[in-house]
Every structure is written in structure tokens, then in C-alpha cells.
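Novice: So the protein sequences, as listed, match chains R and Y.
Numbering-wise (the numbering used here), the first sequence opens with residue 1 and increments by one.
Numbering-wise (the numbering used here), the second sequence opens with residue 293 and increments by one.
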Amino acid sequence: MKPAPFKYIAASSLDHALALKAEHGDEARFLAGGQSLIPAMNFRLARPSVLIDINGLRELAGVEHSEGAEIRVGALTRYQSLERDSRFLRDCPLFADALPHIAHPQIRNRGTIGGNLSHADPASELPAIAVAMQARMRIKSARGKREVAASEFFQGLLTTDIQSDEMLLEIALPAPTARTGTCFMEVARRRGDFALAGVAAIVTVDDHGRCSQARLALCGVGDGPVDASDAASSLVGQQRSGEAIEAVAAEVQDMIEPSGNVHATPGYQRHIAGVLTERALGAAFERAHDAA
Amino acid sequence: MQPDRHDIELSVNGTRYRRPVESRMLLSDFLRHELLLAGTHVGCEHGVCGACTILLDGAPIRSCLMLAVQADGHELSTVEGLAGDDGELHPVQRAMHDHHGLQCGYCTPGILMTMTAYLKQNPQPSEHEVREALSGNLCRCTGYQNIVDAMLAAAQALRAAAP
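#1: Grab me the residues of R:Asn-42's own chain with a C-beta within less than 8 Å of its C-beta, minus the 5 sequence neighbours each way, in chain order.
#2: Chain R beta carbons: is any one of them nearer than 8 Å to that of Y:Glu-424?
#3: What does Y:Ser-427 reach in chain R if we use C-beta pairs closer than 8 Å?
#4: Pick out whichever of R:Leu-60, R:Ile-202, R:Ile-71 and R:Phe-88 has its Cα sitting closest to the Cα of R:Thr-77.
#5: Using 10 angstroms around the beta-carbon of Y:Cys-431, count the other beta-carbons present and answer buried if the total reaches 16, otherwise exposed.
#6: Whole angstroms is fine: what's the gap from R:Ile-139's alpha carbon to R:Ala-149's?
#7: Tell me which same chain residues have a C-beta within less than 7 Å of the C-beta of R:Pro-100, skipping the five on either side of it?
#8: Measure from the alpha carbon of Y:Asp-299 to the alpha carbon of each residue in Y:Gly-379, Y:Val-313 and Y:Gly-306, then state which is nearest.
#9: Our contact map puts R:Asp-26 next to R:Ser-164 with C-beta atoms below 8 Å; I'd like the distance itself, whole angstroms only.
#10: Would the stretch 67-84 of chain R and the stretch 172-183 of chain R be scored as touching if the rule is three or more Cβ pairs under 8 Å?
#11: Am I right that Y:Leu-368 and Y:Val-304 are in contact with their C-beta atoms under 8 Å? What's the rounded C-beta distance?
#12: If contact is defined by three or more beta carbon pairs under 8 Å, each pair taking one atom from either stretch, is the stretch 332-339 of chain Y in contact with the stretch 263-272 of chain R?
#13: Is there a Cβ of chain R sitting closer than 8 Å to that of Y:Gly-342, yes or no?
#14: Taking the continuous beta strand (DSSP E) assigned at R:Ala-297, which residues delimit it?
#15: On a Cα-Cα basis, can you pick out the residue from Y:Cys-341, Y:Tyr-398, Y:His-382 and Y:Gly-365 that is closest to Y:Gly-428?
#16: Flag this pair as yes or no: are the beta carbons of R:Ala-120 and R:Leu-158 separated by less than 8 Å?
#17: Determine the burial state of Y:Thr-307: buried for a count of at least 16 other Cβ atoms within 10 Å of its Cβ, exposed for fewer.
#18: Assign R:Asp-97 to one of two classes, buried (16 or more other C-beta atoms within 10 Å of its C-beta) or exposed (fewer than that).
#19: Is the Cβ-Cβ distance between R:Tyr-79 and Y:Asp-296 less than 8 Å?
#20: May I ask whether a heavy atom of the ligand HEM can be found less than 7 Å away from the beta carbon of Y:Arg-386?
#21: Which first and last residues belong to the alpha helix (DSSP H) in which R:Pro-176 is found?
#22: Any chance you could list the beta strand (DSSP E) runs of at least 3 consecutive residues sitting entirely within the stretch 355-384 of chain Y, in chain order?
#23: Which residue marks the beginning of the alpha helix (DSSP H) containing Y:Pro-417, and which one marks its end?
#24: Would R:Arg-84 count as contacting chain Y if we go by Cβ distances under 8 Å?
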């Protein structure tokens, strides 16, 4: 028994959960999959005095599709249920690429999308994908609902825009667009380890096969997801070429500030971020052509 | 602070248990200390080593990353439930024995629970797939080769036994 003592409350409804959070503020934490929170509590890096278990709130789990409109993923949706949702993986192929990289099946059976995004681990794949896809984060508290763009949601190391009385309710992903290809790639020491660098790329082409829009975001190389879409925008108006993609990769290498860790020096992380940027953009471009 | 206690009722390997637990008790500790099912091993206690893997409603999870109080109403399977009542080893256990897939045995219960669930989902894995499926379970003795051999043999045995 390692966590410090706390009071455990299984929320009976969303309103109940939000009322408890409003009452206890930063002293309380929501318990979703617990795959980051419980280790932090075992180490006593986190010592919440109240744990609000939201696992019983089934209405927070699941994916809602509507034809041509946004795709809504409930915060309590577990990785494993997305891995088995063929329609979701077809509509959001970045997830199809990335989900197998997220820890191990034992973790993916418990971990949730909302927990991942609220935790905002800089090495995590999903924040980068949310930024690349321009996801909208829907947040609720007893005071009401609000929505924030993924680019504004992530505010640095393990920090998000969520206030002490709020909960991330769902994320809204844009409907798939025509003539678009995506690719997520990462390098980790072993399958399931934290990414030393990861890249999410989205490329849309016009009728002539020229890039009309490019989005790019990285994980593992900063204190949060790194939006490199400005660098990728130099591809707009161009046909697929190694030279143009190499130029984007060079710009990405200049803009990131990886911190290094036990498995990689900052220089190595910068190197693989460049290589992955080239490969992911190249693959996304090719998939866009295949889809055109 | 008074200990925060809750009554839970759950089933482990088909046996129902009802116990009061303190909210901060990890499921892994509950199994070992309260139910005296010490086959589930505890290694890192932060979700990295996989030694504590059990099945929650049929799906492998880390029991050190779940509170016992959260298991209320659920069905658990642990390594104690793998062998038959007559002591006959499960085909995955048998293969580990035959292929020398363990030395110290500390990681073995977690590997058995991970792989019995995995081989149900993927009855005909390649060697590469077996290695990926094992990536969430650390073994510091074997170099994995004998475990991989055992799992490929177990998959074959399970296919042969399937109706």
C-alpha cells in the first residue's frame, strides 16, 4: 500500500463529479484510467486528498460519428476501444498509426483519451495528434461548458488550460477531408516506451496533386506538443519533392529544443525529429495522392 | 485522518469474495495480502514491469495501477486460476515449462496472464508479434528467447486443441 491516504468517492453522475470538484478544487483529482495518476500516487508525487472516480459515468465514453460533421470522442473512451473501432480508425488514420505505440495492451485496456490529454505528458502521442488535427477540447464545470482549441489547451509541461473545477468532457475531431493523407511515426527505445521523438503529419492536395494544406506536430521534443505547421506550410502550392520536404525537416530541427534523456542526447533527438519529419511528410503526401 | 474504508465484492477465478478495504490499497496488494493469492507478483509498482498483470473482465491490466476499491463488482483472473482443478497445467504454462521459459520465475505470472489473453485474440502469431505482445513484461533472466519459443509452441498446442 503506497499511495498517501485519500478519500475515495465514486461519482454517481457527471453533475455529482463536477460538484465534488468544485467543492474540493486542486485537492481533488478525477480518476479515469489511472495509468498516469496511480503511478504518480504510488511515488507520492501526487497526493490528492480526494479521488473522484468517474469510471462509472458511461455517458463519458464512446465515439459519436455524424456524416460529414465532427467526430466526438468522450473523455472516458479507452485506447483499446478506439483500436477496435474500424470506422474511427478509417476516419482518423493518425490514431491507427499512433495507438499501437502507446504503452502496452495492459495499459491501453485501462487508459483513457481524456486522461491522456489532461495529463499532457510531453512525450505522449495524442497531444501532438490533437494539435495536428486542430481538435477542439470541450470542457465542463458546475459553472458551464466551454471549448478551447488544442493549440491553446496545452500550456507546457504537464499543464493544460483546465481549471481546478473543470473536467475535459470530450474532444471533437474534424471530419475527414478529401484528397488528404496522414502519417504518424515515432522512435522509442522499445515498443511501448516513451517516444524519443514522434511526428504527426497531415497533407491535403489539390486536383493537380499539389499540396494545398500541410499540418505538422511533434511529441517528445519539447515541454509539450510542438506545432510545426508553419514550417510545413512552405509545402503549399508545391508538388511532392524530396528537396521541399528536407527544407521543412531542417526548419523543424532548428525550432525544437529537445532536453535529452537517459536514452538519447538532445542532438540525437533533433536528428531523429528531422528524419521522422521527412518520412512522415513524405508518407502523408503519398497517401494524399492515393486518396485523390 | 481516519482510514477511508469501503466494502467491496468481487470474483477472483470464479470465487466470490467480500471484504472491507482501505481506499488506498492497490489491487495487487489486495490480491496478495487480503486474499492470500500471492501468485500475482509485484515488481515496480508503477506500471512498467508487468509482473502484476491480471485479467479484469477478461482483459489484461496492471493490478498495481488500479485500486482494490475500483474492482468492486468485477471479475478477475489470476495465475492461480490457470491450471485445472486436477493440477494439470494450462497449455501456456506447459509450454513455458517444456521450453525453459523461466529461470527465477518472478515475471512468469504476468507473462502467463498477458499471453493467455493474447493468444485468444491472436491464435496464430508470428515471432515478431509474440515479441511485441511480450514488450510490456520485463524478464531479466532469460533473454526472452525461450519465452518466445514457448509462446509459439503454446499457440500451436492451443490451435491443435481447439474444436
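We treat Cβ as the ideally placed atom computed from N, Cα and C, and that holds for glycine.
Specialist: In short, the structure shows the following:
#1: Here residue 42 of chain R refers to the residue found at position 42 of the first sequence. Excluding five sequence positions before and after R:Asn-42, the CB atoms of its chain that fall closer than 8 Å to its own CB belong to Lys-2 and Pro-3, given in chain order.
#2: Taking the second sequence and counting its residues from 1, the one referred to as residue 424 of chain Y is at position 132. At least one CB atom of chain R sits nearer than 8 Å to the CB of Y:Glu-424.
#3: Sequence index remark: in the second sequence, residue 427 of chain Y carries index 135 (1-based). For a Cβ distance threshold of 8 Å, residue set His-104, Arg-190, Arg-191 and Gly-192 of chain R lies close to Y:Ser-427, ordered along the chain.
#4: Within the first sequence, numbered from 1, the residue matching residue 77 of chain R stands at position 77. When each option's Cα is compared against that of R:Thr-77, the closest is R:Leu-60.
#5: Taking the first residue of the second sequence as position 1, residue 431 of chain Y is located at position 139. With 16 or more Cβ atoms within 10 Å of its Cβ, Y:Cys-431 is classed as buried.
#6: For this step, residue 139 of chain R is matched to residue 139 along the first sequence. For this step, residue 149 of chain R is matched to residue 149 along the first sequence. It is roughly 11 Å from the alpha-carbon of R:Ile-139 to the alpha-carbon of R:Ala-149.
#7: Sequence index remark: in the first sequence, residue 100 of chain R carries index 100 (1-based). A distance below 7 Å between beta-carbons, with the five flanking residues on each side excluded, links R:Pro-100 to no residue of its chain.
#8: Along the second sequence, one-based indexing puts residue 299 of chain Y at 7. For the residues Y:Gly-379, Y:Val-313 and Y:Gly-306, the minimum Cα distance to Y:Asp-299 belongs to Y:Val-313.
#9: Position 26 of the first sequence, counting from 1, holds the residue named residue 26 of chain R. Position 164 of the first sequence, counting from 1, holds the residue named residue 164 of chain R. Contact flag correct, Cβ pair sits at about 5 Å.
#10: Segments in contact, yes.
#11: What you label residue 368 of chain Y is simply residue 76 of the second sequence in a count that begins at 1. What you label residue 304 of chain Y is simply residue 12 of the second sequence in a count that begins at 1. About 5 Å separates the two Cβ atoms, so the contact holds.
#12: Short answer: they don't touch.
#13: Your numbering for residue 342 of chain Y matches position 50 in the second sequence. Yes - at least one Cβ of chain R is within 8 Å of the one on Y:Gly-342.
#14: This structure cannot speak to residue 297 of chain R, because chain R is shown only from 1 to 292.
#15: Residue mapping note: residue 428 of chain Y aligns to position 136 of the second sequence, counting from 1. By alpha-carbon distance to Y:Gly-428, the top candidate from Y:Cys-341, Y:Tyr-398, Y:His-382 and Y:Gly-365 is Y:Cys-341.
#16: For the purposes of this step, residue 120 of chain R is identified with residue 120 of the first sequence, where counting begins at 1. For the purposes of this step, residue 158 of chain R is identified with residue 158 of the first sequence, where counting begins at 1. Taking a C-beta distance under 8 Å as the contact criterion, R:Ala-120 and R:Leu-158 qualify as a contact pair.
#17: Here the question's residue 307 of chain Y lines up with position 15 in the second sequence. Exposed, since its Cβ has fewer than 16 Cβ neighbours within 10 Å.
#18: Position 97 of the first sequence, counted from the start, is the residue given in the question as residue 97 of chain R. R:Asp-97 is buried by the Cβ-count criterion.
#19: Here the question's residue 79 of chain R lines up with position 79 in the first sequence. Here the question's residue 296 of chain Y lines up with position 4 in the second sequence. Not in contact: R:Tyr-79 and Y:Asp-296 (Cβ atoms no closer than 8 Å).
#20: The model depicted lacks the ligand HEM and carries no ligand whatsoever.
#21: Start at 1 with the first residue of the first sequence, and residue 176 of chain R comes out as number 176. For R:Pro-176, there is no enclosing alpha helix (DSSP H), as DSSP marks it with neither H nor E.
#22: As far as the stretch 355-384 of chain Y is concerned, its whole beta strand (DSSP E) runs of at least 3 residues are 367-369.
#23: On the second sequence, residue 417 of chain Y is found 125 positions in, with the first residue counted as 1. For Y:Pro-417, there is no enclosing alpha helix (DSSP H), since its DSSP letter is neither H nor E.
#24: Indexing the first sequence from 1 puts residue 84 of chain R at position 84. Not closer than 8 Å to any Cβ of chain Y, the Cβ of R:Arg-84 fails to qualify, so no.
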